[in-house]
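Whatever position you read off the sequence shown (first residue = 1), add 16 for the numbering used here. A short write-up of the structure that comes next.
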Amino acid sequence: MTVHLVGAGCAGPLWITVAASRLLGRAEAVVYDSLIHPDLLQL
């Protein structure tokens, strides 16, 4: 198992890196808190 930490803050998906977007798009599981922008969960 590999774990990647991606900091996204509370901004929308335009503010994360391309690499972070790709990782989120192929992740089997994502752990996040209540500050995440809802659009990031759609990646």
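Every residue gets a Cβ at the ideal spot worked out from N, C-alpha and C, and that includes glycine.
- Here DSSP, grouped into helix, strand and coil, assigns residue 45 to coil.
- In this structure, residue 27 sits near residue 53, with a CB-CB distance shorter than 8 Å.
- If you ignore the 5 residues before and after residue 39, its C-beta comes within less than 7 Å of the C-beta of 20, 22, all in its own chain and listed in chain order.
- Non-local beta-carbon contacts of residue 32 in its own chain, meaning distances under 6 Å to residues more than five positions away in sequence, involve 24 in chain order.
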